[in-house]
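In what follows, a single structure is set out as structure tokens and then discussed.
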Amino acid sequence: MRASQSTRSRVQWSAYVYISPALLTMCVLSFLPMAFTIYISFTNWNQMHFLHYQFVGLQNYITLFSPSTASLVAFVPTLVWTVVFAFVSTTVNYLVGLFLAVLVNDKALPEARLYRTLLIIPWAVPGLISILCWQGLLNENYGQINALLHLFGIGPVPWLDNPFWARVSVILVNLWLSFPYFMTVCLGALQSISTEQYDAAVIDGTTAWQRFIYITFPNVWRVSIPMLIPAYSAAFNNFNIIYLLTGGGPNRVETQFAGYTDILASAAYKLALQFNRYDLSAAISVILFFIVGIMSLINMRFTNAFKAVD
């Protein structure tokens, strides 16, 4: 009995030794910076108090939500736009990916393999290159998008200079970058559906729309949930497309802290590196951390990640 307990103890300790490099790496690169950011959010560490900062409690969070400060002018609209961008962009990406997956999965479609290959190209090209290409295409003065519109008698559209069109541009470019991923996942789910279900539905006299509603979508949806919720979470931190495509612009007249297309991640970046407001930047980062954390918990709930396996 004692021998078996001793052996079990050695096995447990050896397991900790094996995972210790990963734990150490996570501690240095994730947990310590996270703890430091939370600490900074409760101080007044900024350009004016760089060496002699003090603990100020919840003052930074109060400043962000206080109607009497300039921060509210930028923070609340940025928070709203972040939520809108995350949900609208991810939903559109998923629906377009699902629509294209249904099209290329149709056996009656000629050259379906060719179309699948062509539609996967945006995913194969590095996102950095794609975003910079779209930045040139959407330029109001010499961009090819406005040149194409000119052929149809449509005037130039300020894609990156107008607040509304800049936000539309961000969503459309993100669609270009993301729909191949959703299409691939949905295509895999479609090909796992047994043909017997469709054959039985055809015999019952159902229409194509009814087969999609009652057979295709429920089967694809079950596979999509574990992928879709993390995609919503990732959209809250989609810093690259904002920074590279619009730089957060166009700028707001009433404040410099955040532009019309800035999300919380890019606004925190600007506050820290352009305005040296490390305290407010840390507070925004903590708020963003809790938003993404809640989304992650929802995902784990739906996928039964905490459920013990016998």
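For the sequence shown, our numbering assigns the number -2 to the initial residue and increments by one for each residue that follows.
Using N, Cα and C, we set each Cβ at its ideal position, and we do this for glycine too.
Backbone secondary structure at residue i - three-state DSSP
i: F52; result: strand
i: T203; result: coil
i: T40; result: strand
i: D259; result: coil
i: L270; result: helix
i: D307; result: Summary for D307: the model assigns pLDDT 48, below 50, so the residue's position carries little reliability; its value from the coordinates is reported in the next sentence. Of the three classes helix, strand and coil, the one that applies to D307 here is coil, per DSSP.
i: Q253; result: coil
i: P247; result: coil
i: N296; result: helix
i: M45; result: coil
i: L134; result: helix
8 Å contact criterion, which residue i and residue j should meet: CB distance rounded
i: V99; j: T213; result: 7 Å
i: I291; j: S263; result: I291 to S263, Cβ: 21 Å. No contact.
i: L261; j: T40; result: The Cβ separation is near 20 Å, so there is no contact.
i: N216; j: A186; result: 6 Å
i: K267; j: G245; result: 7 Å
i: W173; j: P107; result: Going by Cβ atoms, the distance from W173 to P107 rounds to 25 Å, so no, they are not a contact pair.
i: V101; j: L116; result: 7 Å
i: T252; j: A83; result: No, T252 and A83 are not in contact; Cβ-Cβ is about 22 Å, not under 8 Å.
i: V289; j: N234; result: 7 Å
i: Y91; j: F179; result: 5 Å
i: N296; j: P223; result: 7 Å
Cα-Cα separation, residue i to residue j
i: T22; j: I284; result: 24 Å
i: L129; j: L242; result: 7 Å
i: I210; j: L111; result: 27 Å
i: L184; j: T88; result: 17 Å
i: W131; j: G256; result: 20 Å
i: S127; j: I168; result: 14 Å
i: I142; j: V85; result: 23 Å
i: T79; j: F299; result: 23 Å
i: A105; j: Q194; result: 18 Å
i: V154; j: S189; result: 44 Å
i: Y13; j: R113; result: 45 Å
i: S230; j: A279; result: 19 Å
i: L81; j: Y50; result: It should be pointed out that residue 81 corresponds to Val in this sequence rather than to Leu. Going by the C-alpha atoms only, they are around 35 Å apart.
i: T181; j: W42; result: 46 Å
i: F287; j: Y58; result: 13 Å
i: D307; j: V53; result: Interpretation of D307 is limited by its pLDDT of 48, a score under 50 that renders its predicted location unreliable; no figure is taken from the coordinates.
i: M45; j: C24; result: 31 Å
i: S63; j: L157; result: 30 Å
i: L145; j: I16; result: 56 Å
i: Q56; j: Q271; result: 21 Å
i: Q207; j: F33; result: 54 Å
i: V165; j: A205; result: 32 Å
i: L277; j: A265; result: 8 Å
i: A228; j: V122; result: 19 Å
i: Y275; j: W10; result: 41 Å
i: I226; j: W218; result: 12 Å
i: S191; j: N273; result: 58 Å
Boundaries of the alpha helix (DSSP H) in which residue i is found, first to last residue
i: R219; result: F214 to F233
i: N143; result: Q141 to L148
*Along the chain, which unbroken stretches of the alpha helix (DSSP H) at least 4 residues long are found entirely within the region 48 to 132?*
Runs of the alpha helix (DSSP H) inside the region 48 to 132: 56 to 62, 67 to 101, 109 to 116 and 118 to 121.
*Of all the beta strand (DSSP E) runs that stay within the bounds of the region 143 to 196, which reach a length of 3 or more residues?*
List check, beta strand (DSSP E) in window: nothing returned.
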